[in-house]
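Residue numbers for the sequence shown, in our numbering: 23 to 458.
Glycine residues also receive a C-beta, built at the ideal position from the N, C-alpha and C atoms.
None of the values given here were measured: they were computed from a predicted structure.
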Amino acid sequence: MVRAAADPYLSGHGDNDYEVIHYDLDLDYKVATNRLNGRATLTVRALVPLSSIRLDLSRLKVERVLVGGLAPRKIAPKERALVVKLATPLPPGAVTTVEVSYRGKPQPVPGVHGPAGWEELTDGVLVASQPYGAPSFFPCNDRADNKATYTITVTTEADYHVVATGRPLGTTTRAGRTRWTFDEPAPTSTYLVSLTIGRLDEESLPGSSGRISVVRPRRLRLPRDTAFRQLPEMLESLEGWFGPYPFHSFRAVVVDEPLEIPTEAQGMATFGTNHLLLGWDNERLVVHELAHQWFGNAVTASRLRDIWLHEGFACYTEWLWSECRGLATTDQRAAQHRAILTGQEQPAPLSDPGMAHMFDDWVYKRGALMLHTLRRTIGDESFFGLARDWIARHSGGTASTADFVALASCYSRDDLRPLFSAWLDARRLPKLPRVG
Ligand SMILES: [Zn+2]
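This is the structure we're talking about:
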């Protein structure tokens, strides 16, 4: 029997029959040969009567599986999954551990948006899992709505620096190899678990109470006039608009090569050396990735079709930051981007862009234009009150477009349904409200 995908956009990933509460990942990695030896211990809760557990794991060799410390009835490794047949079925609500020992040369998971997940660099590694790359390096229930806590240890050659999702808990070095430990107590979606290994150095930025650091190639100094130096001010502005920063810290990681686009992860984001250069395009990308900590990471769309809840807000934060910096105002940015979209055929509605289009630029811009329209309709006080309420209610969990529309209606005396349906469900581009 083929089980239905947990998210229709992610066929073959995730399972609704159980949830993972905690992942304990112990990764031993050799940079020179891209060899990974892993042991993942998952604390799992059955949601239905469970006779087998299907984990997503891509192209890594499984050596041993223990369920509750004992051998299972059978394991069936497949190219993209591992099916564990249980010796004793689990009733709904039962909790057990599944320990998987595995090894191999991790490689990205292919898909409609190109390879995602573990990526070997010239001298190191980065992980960019959105939306389907997590199984490239650990067995998981690869559903964005199954958030779990994490403990991650990475052992690698001592001359490399490791950044992984979570609070750094320290290192120990023995026989030329260093073991790094991280602990993430905040619920985290699988695609937001990340790791970077490289010849890197980490520096805390002044003015952020130790919450913001930049990790950069050891051979480079952080330029004086790079957008990364504005991160403490960006953090302060975003906390004013959206409420307290949802995690313990933010690490902007710059790997030692250019990258086409930065990638988001929980409590961190990964950039390329090209993003160190001064200019609005890099500045907007830095503030965009920071905004994802609220929109995407603290509050995650329960289904990928609601991706505008991440990208619309992150894009609108760019415009808010632009105005805050004395550059183009939000009205100017909105008018400019509406004009660009006017000449384009939109292939699907914003409320369901389709897997192939979910990262199209129009999804970002139309989402931001809708938020600008909403703000101009209900006023600043209500708009930012709504944004803070949205985060406070759903932080650590997931939410949908319907949840957002329902909450927004509490912030307006007028019926907002025509506004939302024009922007979300139709393909025509609505007009922007007149600037008074
Ligand atoms: Zn984004």
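Test item: CB-CB of V308 and F293 under 9 Å:
Position 286 of the sequence shown, counted from the start, is the residue given in the question as residue 308. Position 271 of the sequence shown, counted from the start, is the residue given in the question as residue 293. Contact flag set, yes.
To test your reading of the DSSP string, which unbroken beta strand (DSSP E) runs of 3 or more residues are found completely within the segment 195-259?
Here the runs fully enclosed are 199-210, 217-220, 222-226 and 234-239.
Nonlocal neighbours in the same chain, by C-beta distance under 6 Å from G115, ignoring five residues either side
Position 93 of the sequence shown, counting from 1, holds the residue named residue 115. Hits under 6 Å: none found.
Determine the burial state of S231: buried for a count of at least 16 other Cβ atoms within 10 Å of its Cβ, exposed for fewer.
Indexing the sequence shown from 1 puts residue 231 at position 209. It is exposed - the Cβ of S231 has fewer than 16 other Cβ atoms within 10 Å.
Would you check if there are 3 or more beta carbon pairs closer than 8 Å linking the segment 265-284 to the segment 411-426?
Here the segment 265-284 lies against the segment 411-426, with 3 or more beta-carbon pairs under 8 Å apart.
In chain order, what are the residue ranges of uninterrupted beta strand (DSSP E) at least 3 long that sit wholly in the segment 29-67?
Within the segment 29-67, complete beta strand (DSSP E) segments of at least 3 residues are found at 40-52, given in chain order.
Measuring alpha carbon to alpha carbon, tell me which of D37, S158, A170 and A357 ends up nearest T43.
Taking the first residue of the sequence shown as position 1, residue 43 is located at position 21. The sequence as given places Ile at residue 43; Thr does not occur at that position. Nearest C-alpha to I43 among D37, S158, A170 and A357: A170.
Going by C-alpha distance, which of T55, S422 and G418 is nearest V147?
The residue you call residue 147 lines up with position 125 of the sequence shown. Between V147 and the set T55, S422 and G418, the nearest pair of CA atoms involves T55.
Out of L438, Y31 and D164, which has the shortest C-alpha to C-alpha gap to Y40?
On the sequence shown, position 18 is the one that residue 40 refers to. Measuring from the Cα of Y40, the nearest candidate turns out to be D164.
DSSP three-state assignment for H394, whether helix, strand or coil
Counted from its first residue, the sequence shown places residue 394 at position 372. Helix at H394.
I'd like to confirm something about H394: is its beta-carbon nearer than 8 Å to some heavy atom of ligand 1, or not?
For the purposes of this step, residue 394 is taken as the residue at position 372 of the sequence shown. Answer for H394: no, Cβ out of range of ligand 1.
Cβ neighbours of T285 in the same chain (closer than 7 Å, five flanking residues each side left out)
For the purposes of this step, residue 285 is taken as residue 263 along the sequence shown, with counting starting at 1. Cβ neighbours of T285 beyond the five flanking positions: A150, Q152, A291 and T292.
Assigned exposure category for V24 - 16 Cβ within 10 Å defines buried:
The residue given as residue 24 occupies position 2 in the sequence shown. The predicted position of V24 is uncertain, since its pLDDT is 47 and thus under 50; a value taken from the coordinates is nonetheless stated next. Exposed: under 16 other Cβ atoms inside 10 Å.
Below 8 Å on the Cβ atoms is my guess for V215 versus Y172; work out the distance and round it to an integer in Å.
Translated into positions along the sequence shown, residue 215 becomes position 193. Translated into positions along the sequence shown, residue 172 becomes position 150. Their Cβ separation, rounded to whole angstroms, is 6 Å, which keeps V215 and Y172 in contact under 8 Å.
Bounding residues of the beta strand (DSSP E) (the contiguous stretch that carries T187)
Position 165 of the sequence shown, counted from the first residue, corresponds to residue 187. Counting along the chain, T187 falls outside any beta strand (DSSP E), and DSSP gives it neither H nor E.
G192, DSSP secondary structure in three states:
To locate residue 192, count along the sequence shown from 1; it is residue 170. Under the three-state reduction of DSSP, G192 is assigned to strand.
Tell me whether C162 is buried or exposed, calling it buried when 16 or more other Cβ atoms sit within 10 Å of its Cβ.
Numbered from its first residue, the sequence shown carries residue 162 at position 140. Flag for C162 reads buried.
L222 and D278 - do their beta-carbons sit closer together than 9 Å?
If you number the sequence shown from 1, residue 278 lands on position 256. If you number the sequence shown from 1, residue 222 lands on position 200. At a Cβ-Cβ threshold of 9 Å, D278 and L222 count as neighbours.
Could you check what DSSP says for V147 in three-state terms: helix, strand or coil?
If you number the sequence shown from 1, residue 147 lands on position 125. Here DSSP, grouped into helix, strand and coil, assigns V147 to strand.
Below 8 Å, is the gap between the Cβ of E286 and the nearest heavy atom of ligand 1?
Looking up residue 286 in the sequence shown gives position 264. E286 Cβ: within cutoff of ligand 1.
Could you name the residues that DSSP lists as bridge partners for M290?
Reading the sequence shown from its first residue, position 268 is the one you call residue 290. M290 is bridged to R273 and A287.
Euclidean distance between Cα positions of G126 and F426
Along the sequence shown, read from residue 1 onward, the residue named residue 126 stands at position 104. Along the sequence shown, read from residue 1 onward, the residue named residue 426 stands at position 404. CA-CA distance, G126 to F426, rounds to 43 Å.
Starting from V89, trace the beta strand (DSSP E) in both directions and tell me its first and last residue.
The count along the sequence shown starts at 1 and reaches residue 89 at position 67. That run of the beta strand (DSSP E) goes K83 to V89.
Quick one: using the 10 Å Cβ neighbour count with 16 as the cut-off for buried, is K96 buried or exposed?
What you label residue 96 is simply residue 74 of the sequence shown in a count that begins at 1. So K96 ends up on the exposed side.
Does S211 pass the burial test, meaning 16 or more other C-beta atoms within 10 Å, or should it be called exposed?
Reading the sequence shown from its first residue, position 189 is the one you call residue 211. With 16 or more other Cβ atoms from the protein chains shown falling within 10 Å of its own Cβ, S211 counts as buried.
For a quick check, are the C-beta atoms of T218 and L299 less than 9 Å apart?
By one-based count along the sequence shown, residue 218 stands at place 196. By one-based count along the sequence shown, residue 299 stands at place 277. Here T218 is not near L299, since their CB atoms are 9 Å or more apart.
Between the beta-carbon of W316 and the beta-carbon of T395, is there less than 9 Å?
Counting from 1 along the sequence shown, the entry for residue 316 is found at position 294. Counting from 1 along the sequence shown, the entry for residue 395 is found at position 373. Contact: no.
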